[in-house]
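Position 108 of the sequence shown, counting from 1, maps to 108 under full-length UniProt numbering, and the rest follow consecutively.
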Amino acid sequence: SDLRTGSHGNHNLPPSVRPAPAPPAALPSLWLAPGFAAIVRPVSLRAPRSRTSVSVHAAVKYDYDTKVFQKELVKFAGTEEYIYRGGRDKFNKLPEAFKGIKQIGVIGWGSQAPAQARNLRDSFAEAGMDTKVVIGLRKGSPSETEARAVDFTEQDGTLGEVFDVISSSDFVILLISDAAQAKLYPRILAAMKPGGHLGLSHGFLLGVMQNDGAD
């Protein structure tokens with residue numbers, strides 16, 4: 001399958017394609033899908049404020065910096081944003097784009113994770129890369145059976161417990177429910193490798209963190 005990018009395709013671009021400014025290497029960094037929050041700040045691990053309400057607004061002409069892919073300005077419903085067109089002709093760019101990423105942890109198995117995880121796995125295989133894609137689920141989750149059915153298994157190290165996968169991954173793609181993200185993000189950030197990367201498919205969690213004072 002093709003590696004699709006942009007706000008209407010696979011949002012989980014590698015760390016070489018992310019908003020500026022870049023966060024310090026000692027902390028996890030956040031990657032956000034195009035078209036949502038206008039600012040992405042380094043992750044703060046200080047105690048959050050009490051939560052009252054959350055508001056996330058779409059950005060106009062949301063921009064990214066990339067040294068690997070060619071970006072393209074497009075208009076959707078009267079707003080402008082940059083996208084990156086994917087396809088098999090881009091597979092030769094993947095080794096450089098994912099340089100330094102040995103393992104990607106895809107956390108959750110809902111409407112997005114099955115397609116995104118398999119897309120990444122198949123794209124890496126086509127590109128001749130050994131970057132591992134690992135699914136992280138709760139022990140005993142009914143989704144474990146579904147993941148095994150598409151060849152993510154404990155035996156080959158591509159299926160594991162959520163926090164084990166988070167702590168061993170260089171790039172974590174967080175695809176659990178909004179409620180679970182809001183509840184678990186302090187523990188998720190604490191479990192990540194220093195200098196690791198966190199991928200989000202929409203801006204909900206950034207709104208929660210901003211409201212909590214953890215942005």
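The beta-carbon is built from N, C-alpha and C at its ideal position, and this holds for glycine as well. Computed from a prediction, not measured in an experiment: that's the story for all the values here.
Pairwise C-alpha distance: residue 205 and residue 213: By one-based count along the sequence shown, residue 213 stands at place 213. By one-based count along the sequence shown, residue 205 stands at place 205. Residue 213 and residue 205 have their C-alpha atoms spaced approximately 12 Å apart.
With three or more beta-carbon pairs closer than 8 Å as the criterion, would you say the stretch 123–133 touches the stretch 94–101? In short, these stretches touch, since the Cβ pair count reaches three.
Helix, strand or coil for residue 173, going by three-state DSSP, please let me know. Translated into positions along the sequence shown, residue 173 becomes position 173. In this structure, residue 173 counts as strand in the three-state DSSP scheme.
Could you spell out the range, first to last residue, of the beta strand (DSSP E) harbouring residue 104? The residue given as residue 104 occupies position 104 in the sequence shown. For residue 104, the enclosing beta strand (DSSP E) has its first and last residue at 103–107.
Would you say the stretch 191–206 touches the stretch 157–175, given that touching needs at least three Cβ pairs under 8 Å? Counting Cβ pairs under 8 Å, three or more are found: they touch.
Helix, strand or coil at residue 145 [DSSP, three-state]: For the purposes of this step, residue 145 is identified with residue 145 of the sequence shown, where counting begins at 1. Here DSSP, grouped into helix, strand and coil, assigns residue 145 to helix.
Using the DSSP secondary-structure output, state which residues sit across from residue 76 in a beta bridge. Along the sequence shown, read from residue 1 onward, the residue named residue 76 stands at position 76. In DSSP, residue 76 forms a bridge with 79.
Just list the residues that DSSP pairs residue 132 with in beta bridges. As a first step, residue 132 is located in the sequence shown; it is residue number 132 there, counting from the start. The partner list for residue 132 (beta bridge, DSSP) reads 103.
With a threshold of 6 Å on Cβ separation, who are the neighbours of residue 63 within its own chain once the five nearest residues in sequence on each side are excluded? Here residue 63 refers to the residue found at position 63 of the sequence shown. Apart from the 5 residues on each side of it in sequence, residue 63 sits with its Cβ closer than 6 Å to the Cβ of 82 in its chain, given in chain order.
Do you know how far the Cα of residue 76 is from the Cα of residue 153? For the purposes of this step, residue 153 is taken as the residue at position 153 of the sequence shown. For the purposes of this step, residue 76 is taken as the residue at position 76 of the sequence shown. Taking the CA atoms as reference points, residue 153 sits about 39 Å from residue 76.
In angstroms, rounded to a whole number, what distance separates the CA positions of residue 211 and residue 183? Residue mapping note: residue 211 aligns to position 211 of the sequence shown, counting from 1. Residue mapping note: residue 183 aligns to position 183 of the sequence shown, counting from 1. Going by the C-alpha atoms only, they are around 13 Å apart.
Can you tell me whether DSSP reads residue 154 as helix, strand or coil? Sequence index remark: in the sequence shown, residue 154 carries index 154 (1-based). In the three-state reduction of the DSSP assignment, residue 154 falls in the coil class.
Short of 8 Å in beta carbon distance, which residues of its chain neighbour residue 127, apart from the five on each side in sequence? Order them along the chain. On the sequence shown, residue 127 is found 127 positions in, with the first residue counted as 1. Close CB contacts of residue 127 within its chain, under the 8 Å cut and outside five residues either way in sequence, are with 91, 92, 94, 95 (chain order).
Grouping DSSP H, G and I as helix and E and B as strand, with all else coil, what is residue 160? For the purposes of this step, residue 160 is identified with residue 160 of the sequence shown, where counting begins at 1. Strand.
Contact set for residue 73: own chain, Cβ-Cβ below 7 Å, skip 5 residues either direction: Counted from its first residue, the sequence shown places residue 73 at position 73. Sequence-distant partners of residue 73 (beyond 5 residues in either direction) whose C-beta falls short of 7 Å from its own C-beta, in its chain, are 80, 82.
Going by CA-CA distance only, name the one from 110, 106, 125 that's closest to residue 117. On the sequence shown, residue 117 is found 117 positions in, with the first residue counted as 1. If we check each option's Cα against that of residue 117, 106 comes out closest.
Here's the rule I'm using: 16 or more other beta-carbon atoms within 10 Å means buried, otherwise exposed. How should residue 165 be labelled? Numbered from its first residue, the sequence shown carries residue 165 at position 165. Classification of residue 165: buried, given that the 10 Å Cβ count is 16 or more.
Supposed contact pair residue 144 and residue 159 - C-beta distance, whole angstroms, cut 8 Å: Indexing the sequence shown from 1 puts residue 159 at position 159. Indexing the sequence shown from 1 puts residue 144 at position 144. In this structure, residue 159 and residue 144 form a Cβ contact; the two beta carbons are roughly 7 Å apart against a cut-off of 8 Å.
When 88, 177, 188 are compared against residue 123, the one with the closest alpha-carbon: One-based indexing of the sequence shown puts residue 123 at position 123. For residue 123, the closest of 88, 177, 188 by C-alpha to C-alpha distance is 88.
For residue 71, which of helix, strand or coil comes out of DSSP? Position 71 of the sequence shown, counted from the start, is the residue given in the question as residue 71. In the structure shown, the three-state DSSP call for residue 71 is strand.
Counting only the same chain and skipping the five closest in sequence on each side, list residues whose C-beta sits under 8 Å from that of residue 157. For the purposes of this step, residue 157 is taken as residue 157 along the sequence shown, with counting starting at 1. Within the same chain, 132, 134 come within 8 Å of residue 157 by CB-CB distance, once the 5 residues on both sides are set aside.
Using only the alpha-carbon positions, how far apart do residue 84 and residue 186 sit? What you label residue 84 is simply residue 84 of the sequence shown in a count that begins at 1. What you label residue 186 is simply residue 186 of the sequence shown in a count that begins at 1. When rounded, the distance between both Cα atoms is 31 Å.
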